[in-house]
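Visitor:
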Amino acid sequence: MEKTLETNHLWKTLRFFSLMVTDRAPQVWEAKRENSSLDLFRRGLFVAVVVGLILWFVYAELHQNYPFNWRIILKYRYDFWVGFLMTLKISIVALVFSLILGVMIGIGRVSRRIIFGDLAFGYVEGIRNIPLLVIVLLVYFGFGSVFPMSRFFAGVLALTVFQAAYVAEIIRAGIQSVGKGQIWAARSLGLSSGTTMRHIILPQVLRRITPALAGQFIYLVQGSSLCSVISLTELTLTARRILTITYASMESYITLTFLYFVVCAVLSLCTKLIERRLVTE
Amino acid sequence: MIQVEKINKYYGDFQVLRDFSLVVGIGEVIVVIGASGSGKSTLLRCINGLERLRSGEIFVDGVKVNDPKTDINRLRSKIGMVFQDFNLFPHMTVLKNITFAPVKVKALSQAEAGRIAHSLLAKVGIPEKWDAYPAALSGGQKQRVAIARALAMQPKAMLFDEPTSALDPEMIKEVLDVMINLAREEMTMVVVSHEMGFARKVADRIVFIDEGRLVEEAPTEVFFENPKHDRTKRFLDQIL
Amino acid sequence: MSAAHSLVEFFSQMVTAQKGESWEPEGKVSWVDVIRRLTAVGIITAGILILLYVKARLHYTFHWTVLVSFKQAYWMGFLMTMKLSVVTLFCSIIVGGIIGLASVSRRICLRDLATAYVEGIRNIPLLVIVLLMYFGVGTLLHLPRFPAAVVALTAFESTFFAEIIRGGIESIKTGQIWAGRSLGLSSGMTMRHIILPQAVRRVVPALAGQFVNLVKDSSLASVISLVELTLIARQIMTATFAAFESYIAIAAFYFSVCFTLSLLTKILERKIPVE
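So, in structure tokens, the structure goes:
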């Protein structure tokens, strides 16, 4: 009796997976359908199982040559927490300042005064063509040797300067996407250019760019990992310090990867939720 | 030739065709008219299997279209389709547009396909444009190339989805002339169009669709002189 | 006196110049305008830099000759950066292409797996991926530096290429697929001969843009001591303590390379006819 139950289960799971593998949308152009939540669950389950199998296989392979010692990570969980808080701190502070700077540059970019547009363009192009790592190093070791500054300050400054360029572009694109029609309508009613910008354009722009700006926060969290090269004790450096003490390199890095993944995935989900809220309004 | 039997088509929850049935005989020219959104284009795409049915059946030349076991590619090479926005392949010359499918699907040699292409281009009136790219052609020329491309497969039936709706008025005539010639050559045609003059000249039957349902179907003269249903009368009043 | 006067006038004119409707993208500008505006920006930037430089000189002695004496090292670093970038580009396009094709497949499970790959890797900072690859997986498999860097960078960049290719394929009008299929072409033939040629042509500028990002991201290989441009700068810094000069030099290097590539991309964009 027991045997047949087991084989029954096996059959059911095999059938489930063969169904999942052969499941096809009817035609390519019909592929985008809204799926029921049961569908999504099945698909999620399938992906989870495949990814899980791959990871498990890799882990088993590694485990043969390397004794995993997870208890060490547990021992240092306080340090991980502190590092995580520092990462958050850097990201939030940098976000605030880069938004302020970025908005100023973005508006400058579309300004009527040609000189502002050109200077803003120069700034954006200049920053965007230099890697973030180089900016971080330049600010801390370079400018830092001329105008001494703390590690935190250097990290935040580098991130701010870098992100501001991207924020400026988002804002510029947002302003230009509102469209000439709105401006024509406002100006032909007699509104001045400043009033038009403040009351007509910017409110619409803010609604459009919120998802993009949320995405910037995720970039900042990832960018903060680069502050580890200037010995700022955020998450990545914490992991590296721990592994130099304990020699538990794989465990450290896997934990690090996992932590970043969870944080960024949660932020991405929030971004998508915000996007959906804004679209349905 | 074409038998549509009680088909129902949905886009999600929205029903686009309701219990629609139609029979098209060999050599017949059917013109389908109706308001926008009434399901005319969807009907054509169902006939050559580009759209799937919720229920009902369609047979073309005896082959069941919506049967998953049918070799749909072979069936489609027997039906030609012409689209409202031409859908020429922009990265190929006119000649390649026309010869591509015959070479790939029917395994004709490049030379033979080329011969057929040139003769078709002459037939639609633009033999000199064979090495041009679609971007260089006018709307009317593009549509004539599209017709030649469909004819190159030597189909048994042709489907036209509002072939002249995207054209400027002065180019409509050149395309309609090609279609009239085709009709005179006894090609089986199902045409969705608003061109009533064309319909009166060559159509054997007119079909009126409203909200996915076949409202009225009659031989051309009878249809225009004596429309039976109120909705038909109102629609004709609007467009004539 | 009048020369100075006209200079001041020129400058004030540049500062106050305005254009018509600001929020529209600019139209074509004449060469004269470009030169005049470049001069204005140049003067202002130079002014700011000179001010900073003068103030900085009070605290710090600049040793610009350092750059000249390490010419060879900079050149080697630059070559390695380019080598890394090109190899990664090649690998990422292949991997990204496969993932991109999978994400438009009719098989729903393929699409989901492709999404899982892209989302999974994109939620991890590149630095962490590089570290994981070299110090983590690398020590177990004894991966040397260059391959480890290539694998890590490929994994990360391929997600972007996958998205670009997917976007290109999805941007082709459905009518093209209908036209191909209604002629009797099979699904595979339609993709190969009709959709992909058009899609690839469309995304070439985006691919080039991503290459620029790739060059920038290659700087992260320095953390695993791969001898590319950024690492050279750090080594020079530790050797000579001329941190500022060293890093400014590589910033300028990266800027020139990336800016040139961006310019080439824009020219490429113009050459490809938009359909």
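Protein chains in written order, with the working numbering: chain A, 1 to 281; chain B, 1001 to 1240; chain C, 2001 to 2275. Positions of the beta carbon are idealized from the N, C-alpha and C atoms, including for glycine. None of the values given here were measured: they were computed from a predicted structure.
Rounded to whole angstroms, what's the CA-CA distance from B:F1223 to C:I2098? Just pull it up for me.
Guide: For the purposes of this step, residue 1223 of chain B is identified with residue 223 of the second sequence, where counting begins at 1. For the purposes of this step, residue 2098 of chain C is identified with residue 98 of the third sequence, where counting begins at 1. Whole-angstrom Cα-Cα distance: 55 Å.
Visitor: Let me check one thing: in DSSP terms, what residues is B:Y1010 bridge-paired to?
Guide: Translated into the one-based positions of the second sequence, residue 1010 of chain B becomes position 10. B:Y1010 pairs with B:Q1015.
Visitor: Interface residues of chain A around C:Y2254 at Cβ under 9 Å?
Guide: Locating residue 2254 of chain C in the third sequence gives position 254, where the first residue counts as 1. Those within 9 Å of C:Y2254 in chain A are N129, I130, P131 and V134.
Visitor: Can you pull the chain B neighbours of C:A2251, defined as C-beta to C-beta under 8 Å?
Guide: Walking along the third sequence from the start, residue 2251 of chain C turns up at place 251. Under the 8 Å cutoff, chain B gives no residues; its nearest Cβ is about 41 Å from C:A2251.
Visitor: Can you name the start and end residues of the beta strand (DSSP E) that B:S1057 belongs to?
Guide: The residue you call residue 1057 of chain B lines up with position 57 of the second sequence. Ser is not the amino acid found at residue 1057 of chain B; the sequence shown has Glu there. Here the beta strand (DSSP E) through B:E1057 covers S1055 to V1060.
Visitor: Could you have a look at B:A1283 and say whether DSSP puts it in helix, strand or coil?
Guide: Outside the shown range of chain B (1001 to 1240) lies residue 1283 of chain B, about which nothing can therefore be said.
Visitor: Given this structure, state the Cα-to-Cα distance separating B:V1092 from C:I2194, to the nearest angstrom.
Guide: Taking the first residue of the second sequence as 1, we reach residue 1092 of chain B at position 92. Taking the first residue of the third sequence as 1, we reach residue 2194 of chain C at position 194. The amino acid at residue 1092 of chain B is misidentified as Val; the sequence shows Met. Each residue's alpha carbon lies about 9 Å from the other.
Visitor: Run the CB neighbour count on A:M1, radius 10 Å, all protein chains shown included, and call it buried at 16 or more, exposed below.
Guide: By one-based count along the first sequence, residue 1 of chain A stands at place 1. Unreliable placement is indicated for A:M1, whose pLDDT of 46 sits below 50; the coordinate value is still reported in the next sentence. Classification for A:M1: exposed.
Visitor: Can B:L1043 and B:L1017 be called in contact, C-beta distance under 8 Å?
Guide: As a first step, residue 1043 of chain B must be located in the second sequence, where it is residue number 43. As a first step, residue 1017 of chain B must be located in the second sequence, where it is residue number 17. Taking 8 Å as the Cβ cut-off, B:L1043 and B:L1017 qualify as a contacting pair.
Visitor: What residue does the alpha helix (DSSP H) around C:A2102 start on, and which one ends it?
Guide: If you number the third sequence from 1, residue 2102 of chain C lands on position 102. Where C:A2102 is concerned, the enclosing alpha helix (DSSP H) stretches over K2071 to S2103.
Visitor: What are the residues in the stretch 2187–2218 of chain C lying within 8 Å of chain B by C-beta distance?
Guide: Under the 8 Å Cβ criterion, the stretch 2187–2218 of chain C contributes M2189, H2193, I2194, P2197, Q2198 and R2201.
Visitor: In this structure, does DSSP put B:L1121 in helix, strand or coil?
Guide: Here the question's residue 1121 of chain B lines up with position 121 in the second sequence. Helix, per DSSP.
Visitor: Do three or more CB pairs link the stretch 72–86 of chain A to the stretch 232–243 of chain A at distances below 8 Å?
Guide: The stretch 72–86 of chain A, when compared against the stretch 232–243 of chain A, does touch it at the 8 Å Cβ threshold.
Visitor: In three-state terms, what does DSSP make of C:L2214?
Guide: Residue 2214 of chain C sits at position 214 when you count from the first residue of the third sequence. In the structure shown, C:L2214 sits in a helix (DSSP, three-state: H, G or I).
Visitor: Please report the Cβ distance between A:V146 and C:H2059, rounded to the nearest whole angstrom; I am assuming they are in contact, meaning their Cβ atoms lie under 8 Å.
Guide: As a working mapping, residue 146 of chain A is identified with position 146 in the first sequence. As a working mapping, residue 2059 of chain C is identified with position 59 in the third sequence. A:V146 to C:H2059, Cβ: 6 Å. Contact.
Visitor: Anyone know if the C-beta pair for B:S1165 and B:Q1084 falls short of 8 Å?
Guide: Here the question's residue 1165 of chain B lines up with position 165 in the second sequence. Here the question's residue 1084 of chain B lines up with position 84 in the second sequence. Cβ atoms of B:S1165 and B:Q1084: closer than 8 Å.
Visitor: Beta-carbon within less than 8 Å of C:A2199's beta-carbon, same chain only, minus the 5 sequence neighbours each way: which residues are those?
Guide: Position 199 of the third sequence, counted from the first residue, corresponds to residue 2199 of chain C. Same-chain partners within the cutoff: I2165, G2168, I2169, S2171 and I2172.
Visitor: Ignore the nearest five residues each way along the sequence and tell me which others in B:V1175's own chain have a CB closer than 7 Å to its CB.
Guide: On the second sequence, position 175 is the one that residue 1175 of chain B refers to. Taken in chain order, the residues that qualify are G1140, Q1143, R1144, P1163, T1164 and L1167.
Visitor: In whole angstroms, what separates the C-alpha of B:V1207 from that of B:R1115?
Guide: The residue labelled residue 1207 of chain B in the question sits at position 207 within the second sequence. The residue labelled residue 1115 of chain B in the question sits at position 115 within the second sequence. Going by the C-alpha atoms only, they are around 37 Å apart.
Visitor: Output the boundary residues of the beta strand (DSSP E) element that contains B:I1206.
Guide: Within the second sequence, residue 1206 of chain B is the residue found at index 206, counting from 1. That run of the beta strand (DSSP E) goes R1205 to D1210.
Visitor: Against chain C, does A:A265 count as a neighbour if the rule is that its beta carbon must be under 8 Å from one of theirs?
Guide: For the purposes of this step, residue 265 of chain A is taken as the residue at position 265 of the first sequence. For A:A265, the answer is yes, since a Cβ of chain C falls inside 8 Å of its Cβ.
Visitor: Who are the Cβ neighbours of B:I1026 in its own chain at under 7 Å, not counting the five residues just before and after it?
Guide: Mapped onto the second sequence, residue 1026 of chain B falls at position 26. These residues qualify, in order along the chain: M1001 and T1188.
Visitor: Between C:V2128 and A:Y260, how many whole angstroms is the CB-CB distance? I'm expecting something under 8 Å.
Guide: Taking the third sequence and counting its residues from 1, the one referred to as residue 2128 of chain C is at position 128. Taking the first sequence and counting its residues from 1, the one referred to as residue 260 of chain A is at position 260. Between A:Y260 and C:V2128 the Cβ distance is about 6 Å, and since that is below 8 Å, they are a contact.
Visitor: Checking 8 Å against the spacing of the C-beta atoms, do C:L2140 and A:L62 come in under that value?
Guide: Locating residue 2140 of chain C in the third sequence gives position 140, where the first residue counts as 1. Locating residue 62 of chain A in the first sequence gives position 62, where the first residue counts as 1. Their beta carbons are under 8 Å apart, which means C:L2140 touches A:L62 by this criterion.
Visitor: Do B:G1049 and B:V1262 come within 8 Å of each other at the CB atom, strictly closer than that value?
Guide: The displayed coordinates of chain B run from 1001 to 1240. Any statement about residue 1262 of chain B would go beyond what the structure contains.
Visitor: Looking at chain B, is there any beta carbon in it that lies within less than 8 Å of the beta carbon of C:W2023?
Guide: Here the question's residue 2023 of chain C lines up with position 23 in the third sequence. Low confidence applies here, because C:W2023 scores a pLDDT of 47, under 50, leaving its location unreliable and the question unanswered by this model.
Visitor: Taking Cβ positions only, does C:A2148 come closer than 8 Å to chain B?
Guide: For the purposes of this step, residue 2148 of chain C is taken as the residue at position 148 of the third sequence. No - not a single Cβ of chain B is within 8 Å of the one on C:A2148.
Visitor: Do A:I175 and A:A212 have their C-beta atoms closer together than 8 Å?
Guide: As a working note, residue 175 of chain A is residue 175 in the first sequence. As a working note, residue 212 of chain A is residue 212 in the first sequence. Their beta carbons are not under 8 Å apart, which means A:I175 does not touch A:A212 by this criterion.
Visitor: Helix, strand or coil: how does DSSP classify A:A31 here?
Guide: Sequence index remark: in the first sequence, residue 31 of chain A carries index 31 (1-based). No answer about A:A31 holds up, because its pLDDT of 48 lies below 50 and its placement is not dependable.
Visitor: Roughly how many whole angstroms lie between the Cα atoms of C:C2091 and B:F1198?
Guide: Locating residue 2091 of chain C in the third sequence gives position 91, where the first residue counts as 1. Locating residue 1198 of chain B in the second sequence gives position 198, where the first residue counts as 1. Approximately 57 Å, taken between the alpha carbons.
Visitor: Output yes if chain C places a C-beta closer than 8 Å to the C-beta of A:Q222; else output no.
Guide: Stepping through the first sequence from its first residue, residue 222 of chain A is reached at position 222. By this cut-off, A:Q222 is an interface position.
Visitor: Let me check one thing: in DSSP terms, what residues is B:T1188 bridge-paired to?
Guide: Position 188 of the second sequence, counted from the start, is the residue given in the question as residue 1188 of chain B. DSSP lists B:A1157 as partners of B:T1188.
Visitor: What distance in whole Å lies between the Cβ atoms of C:L2229 and C:T2081, which are believed to be in contact at a cut-off of 8 Å?
Guide: Mapped onto the third sequence, residue 2081 of chain C falls at position 81. Mapped onto the third sequence, residue 2229 of chain C falls at position 229. About 4 Å; that satisfies the 8 Å criterion.
Visitor: Per DSSP, B:M1081 forms a beta bridge with which residues?
Guide: Locating residue 1081 of chain B in the second sequence gives position 81, where the first residue counts as 1. Paired residue(s): B:L1159.
Visitor: For B:E1028, which three-state DSSP category applies?
Guide: Translated into the one-based positions of the second sequence, residue 1028 of chain B becomes position 28. Coil, per DSSP.
Visitor: Does the distance from the CB of C:P2118 to the CB of C:E2163 come in under 8 Å?
Guide: For the purposes of this step, residue 2118 of chain C is identified with residue 118 of the third sequence, where counting begins at 1. For the purposes of this step, residue 2163 of chain C is identified with residue 163 of the third sequence, where counting begins at 1. The amino acid at residue 2118 of chain C is misidentified as Pro; the sequence shows Val. In contact: C:V2118 and C:E2163 (Cβ atoms closer than 8 Å).
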